[in-house]
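**Student:** For what it's worth, this note's numbering labels the leading residue of the sequence shown as 3, then goes sequentially.
Ideal Cβ placement from N, Cα and C applies to all residues, glycine included.
In this text the structure is predicted, and so the values were computed from the model without any measurement.
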Amino acid sequence: MKDRSYFLLTIASLLLVLTACEKAPDKNKAKTDRPVSVMSTVLKPGTLAREIRSNGHVESVQMVEIRPQINAQIAGIHFKEGEEVKAGQLLFTLDARNDEAQAKRSQAVIEQMKAQLAEADRSLQRSIELEQAKFVSSSAVDTAKAKAESLRAQLAAAKADQAAANVKLSYNRITAPFAGRTGKINVHTGSLAQTNSAEPLVTLTQLNPVRISFNVSERDLPVLLAAQHNAPLPVIAQLPDGKPREGKLVFLDSAVDKTSGTILAKAEFENADRQLWPGLSTTIQIDLGQENGLVLPLQAIQTGPEQRFVYVIGADNKVQSQAIEVIRIHDGKALVNGLKAGAKVVREGGQNLRPGSLVIEASRPSKAASSKASEAQS
């Protein structure tokens, strides 16, 4: 009797398990068919601002290491570290005593050659007169003429030596080749300035104007070239205090970098207030007008493992994924390819969907209802 009761109990348990298994797919199916609440948008033609944004670095238009051209002792330093100097301003003087003496010696040689040449010219003139009077032979005239020509050549050589001596003398005065800011001074008065020294005497950097170098995608190059051809292209840089400053595009490299697909560009900016410091990182923006196409809210775009896509809502209120190409993004919107105008796509709620999901449009409360709800809560 007990065995029979146990057998009947086992059979009943199995029936209950089978019944539960049969009902489970129905529950899952019901869960799958339950509509997902989303917000949608209809894709329409529109315009999107076409602009280039990039990170850049400030660089000096001119920067030079000031080095001596001769080996000599530093006689004087005529500026302070970090001081801004003018073009042509005296920076260093070297001990010029030997070079001054050489320049004076060269001048003395010139004066001597002039005197000797004057005497030779007078002697030549007398020889010519005597030869005409038949008092001397023509060979005497030739000798006098050769002596005068030799002295004339020696005078030219002496003048060349004097020019070289004056050039060397000028090397003892080192001036600023352009207006700029000086860096660290690496010598002191009395130090020996050497042409082969590892360190320069000082580095001079031009601060106004300055340039910002940045990279532009090869995709934007045709539009950039067209815009630059019509007129100087304005470029906006962000200053350290957050304010914008306008400059102009002055350089595009001659080739695209094939490894990065970008081209080097440079823009020039006035920098009288010294806000843009060489080496500073900043952002730049170039406005290239408006671009026509299909525009989507950025939140409608989903990112898959291989590509971007959107969920398109069909007539049966079921969604299918559609791969798209994002051409440009600006101000929360995207210009896209891969869709047709009039397509209805999911704008919000796409994270809860999969292809074939049934959706229902979520209703937004009116402003009046929202305000009443807020008053009730308060």
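Could you tell me which of A178, Q109, Q301 sits nearest to A167, measuring between CA atoms?
**Tutor:** In the sequence shown, the residue the question calls residue 167 occupies position 165. When only C-alpha atoms are compared, the closest one is Q109.
**Student:** If you drop the 5 nearest sequence neighbours on each side, which residues of the same chain put their C-beta closer than 7 Å to that of V189?
**Tutor:** Within the sequence shown, numbered from 1, the residue matching residue 189 stands at position 187. Result list for V189: I76, A195, L203, in chain order.
**Student:** Inspect the beta-carbon positions of A233 and T284 and report whether they are closer than 7 Å.
**Tutor:** Here residue 233 is taken as the residue at index 231 of the sequence shown, counted from 1. Here residue 284 is taken as the residue at index 282 of the sequence shown, counted from 1. Cβ distance not < 7 Å, so A233 and T284 don't count as in contact.
**Student:** Suppose the cutoff is 6 Å on Cβ atoms and the five residues either side in sequence are ignored; what does the same chain contact list for L298 look like?
**Tutor:** Counting from 1 along the sequence shown, the entry for residue 298 is found at position 296. So the qualifying residues of the chain are A336, V338.
**Student:** Quick one: Cα of N210 to Cα of N273, how far?
**Tutor:** Here residue 210 corresponds to residue number 208 of the sequence shown, with the count starting at 1. Here residue 273 corresponds to residue number 271 of the sequence shown, with the count starting at 1. One C-alpha to the other measures close to 5 Å.
**Student:** Using three-state DSSP, classify I286 as helix, strand or coil.
**Tutor:** In the sequence shown, residue 286 corresponds to position 284, counting from 1. Strand.
**Student:** Looking at the strands, I want to know which residues DSSP matches up with Y313.
**Tutor:** Taking the first residue of the sequence shown as position 1, residue 313 is located at position 311. Y313 is bridged to S323.
**Student:** Have a look at V87 and V63 and give me their C-alpha separation to the nearest angstrom.
**Tutor:** As a working mapping, residue 87 is identified with position 85 in the sequence shown. As a working mapping, residue 63 is identified with position 61 in the sequence shown. Rounded to whole angstroms, V87 to V63 spans 16 Å at the Cα level.
**Student:** Note down the Cα distance separating Q230 from V60, rounded to an integer number of angstroms.
**Tutor:** In the sequence shown, residue 230 corresponds to position 228, counting from 1. In the sequence shown, residue 60 corresponds to position 58, counting from 1. The C-alpha of V60 is placed about 21 Å away from the C-alpha of Q230.
**Student:** DSSP three-state label for L153, please.
**Tutor:** Taking the first residue of the sequence shown as position 1, residue 153 is located at position 151. Three-state DSSP puts L153 in a helix.
**Student:** Could you tell me the alpha carbon to alpha carbon distance between K342 and Q324, rounded to whole angstroms?
**Tutor:** If you number the sequence shown from 1, residue 342 lands on position 340. If you number the sequence shown from 1, residue 324 lands on position 322. Going from the Cα of K342 to the Cα of Q324 covers about 11 Å.
**Student:** Using 10 angstroms around the beta-carbon of F216, count the other beta-carbons present and answer buried if the total reaches 16, otherwise exposed.
**Tutor:** Here the question's residue 216 lines up with position 214 in the sequence shown. Flag for F216 reads buried.
**Student:** With a threshold of 7 Å on Cβ separation, who are the neighbours of L266 within its own chain once the five nearest residues in sequence on each side are excluded?
**Tutor:** For this step, residue 266 is matched to residue 264 along the sequence shown. The answer, listed in chain order, is S215, N217, D255.
**Student:** Name the one or two DSSP bridge partners that L194 has.
**Tutor:** Locating residue 194 in the sequence shown gives position 192, where the first residue counts as 1. Paired residues: Q75.
**Student:** Quick one: what's got a C-beta closer than 8 Å to K161's C-beta in the same chain, skipping five residues either side?
**Tutor:** Indexing the sequence shown from 1 puts residue 161 at position 159. Once the five neighbours on either side are set aside, the close Cβ partners of K161 are I112.
**Student:** Would N174 be called buried (16 or more neighbouring beta carbons within 10 Å of its own) or exposed?
**Tutor:** If you number the sequence shown from 1, residue 174 lands on position 172. Buried: at least 16 other Cβ atoms inside 10 Å.
**Student:** Leaving out five residues on either side along the sequence, give the residues of the same chain with a beta carbon under 6 Å from the beta carbon of G263.
**Tutor:** The sequence position of residue 263 within the sequence shown is 261, counting from 1. E220, listed in sequence order.
**Student:** Check whether the segment 177 to 184 and the segment 88 to 101 touch, using three or more Cβ-Cβ pairs below 8 Å as the test.
**Tutor:** Taking 8 Å as the limit for Cβ pairs, the verdict is that the segment 88 to 101 does touch the segment 177 to 184.
**Student:** Per DSSP, which one or two residues make a beta bridge with P246?
**Tutor:** As a working note, residue 246 is residue 244 in the sequence shown. P246 pairs with Q240.
**Student:** Assuming L153 and L119 make a contact with CB atoms under 8 Å, what is their CB distance in whole Å?
**Tutor:** Against the sequence shown, residue 153 aligns to sequence position 151. Against the sequence shown, residue 119 aligns to sequence position 117. Between L153 and L119, the beta carbon gap of about 4 Å places them in contact (Cβ cut-off 8 Å).
**Student:** Beta-carbon separation of E85 and K186 under 7 Å?
**Tutor:** Reading the sequence shown from its first residue, position 83 is the one you call residue 85. Reading the sequence shown from its first residue, position 184 is the one you call residue 186. Contact flag unset, no.
**Student:** Just how far apart, CA to CA, sit Q277 and P242?
**Tutor:** Here residue 277 refers to the residue found at position 275 when the sequence shown is read from its first residue. Here residue 242 refers to the residue found at position 240 when the sequence shown is read from its first residue. In a straight line, the C-alpha of Q277 is about 7 Å away from that of P242.
**Student:** On a CA-only basis, which of D97, Q134, L226, S129 is nearest A142? Give me that one, please.
**Tutor:** Mapped onto the sequence shown, residue 142 falls at position 140. The candidate whose alpha carbon is nearest that of A142 is S129.
**Student:** Taking just the CA atoms, how far does E67 sit from A200?
**Tutor:** Here residue 200 refers to the residue found at position 198 when the sequence shown is read from its first residue. Here residue 67 refers to the residue found at position 65 when the sequence shown is read from its first residue. For A200 and E67, the distance between alpha carbons rounds to 11 Å.
**Student:** Does the segment 351 to 366 come into contact with the segment 39 to 47, if we say contact requires no fewer than three beta-carbon pairs (one atom in each stretch) closer than 8 Å?
**Tutor:** yes
**Student:** Suppose you measure from the CA of D101 to the CA of M65; what does that come to, to the nearest Å?
**Tutor:** Translated into positions along the sequence shown, residue 101 becomes position 99. Translated into positions along the sequence shown, residue 65 becomes position 63. Looking at the two C-alpha atoms, the distance is approximately 29 Å.
**Student:** Let's see if you can read the secondary structure: which residues bound the alpha helix (DSSP H) around N232?
**Tutor:** Taking the sequence shown and counting its residues from 1, the one referred to as residue 232 is at position 230. Here the alpha helix (DSSP H) through N232 covers 223 to 232.
**Student:** Exposed or buried, G58, counting other C-beta atoms within 10 Å across all chains shown (16 or more means buried)?
**Tutor:** What you label residue 58 is simply residue 56 of the sequence shown in a count that begins at 1. Buried is the call here.
**Student:** Can you list, in chain order, the residues of its chain with a C-beta nearer than 6 Å to that of D289? Leave out the 5 residues immediately preceding and following it.
**Tutor:** The count along the sequence shown starts at 1 and reaches residue 289 at position 287. Around D289: E53.
**Student:** Which residue or residues does DSSP assign as beta-bridge partners of Q292?
**Tutor:** As a working mapping, residue 292 is identified with position 290 in the sequence shown. According to the DSSP secondary-structure assignment, Q292 is paired through a beta bridge with A51.
**Student:** For a minimum of 4 consecutive residues, which ranges assigned as the alpha helix (DSSP H) are wholly contained in the segment 71 to 154?
**Tutor:** 99 to 134
**Student:** Helix, strand or coil for Q277? Go by DSSP, reduced to three states.
**Tutor:** As a first step, residue 277 is located in the sequence shown; it is residue number 275 there, counting from the start. Coil at Q277, not helix or strand.
**Student:** Distance check for W279 and E270, CA to CA, integer angstroms please.
**Tutor:** As a working note, residue 270 is residue 268 in the sequence shown. As a working note, residue 279 is residue 277 in the sequence shown. If I take the Cα positions, the gap works out to 13 Å.
**Student:** Let me confirm a value: K25 is counted as buried when at least 16 other C-beta atoms fall within 10 Å, else exposed. Which label applies?
**Tutor:** Position 23 of the sequence shown, counted from the start, is the residue given in the question as residue 25. Here K25 scores only 49 on pLDDT, less than 50, and its place in the model is too uncertain to base an answer on.
**Student:** What residue range is occupied by the uninterrupted beta strand (DSSP E) comprising E67?
**Tutor:** Reading the sequence shown from its first residue, position 65 is the one you call residue 67. Residues 65 to 68.
**Student:** Please classify D222: is it buried, with 16 or more other beta-carbons within 10 angstroms of its beta-carbon, or exposed?
**Tutor:** For the purposes of this step, residue 222 is taken as the residue at position 220 of the sequence shown. Under this definition D222 is a buried residue.
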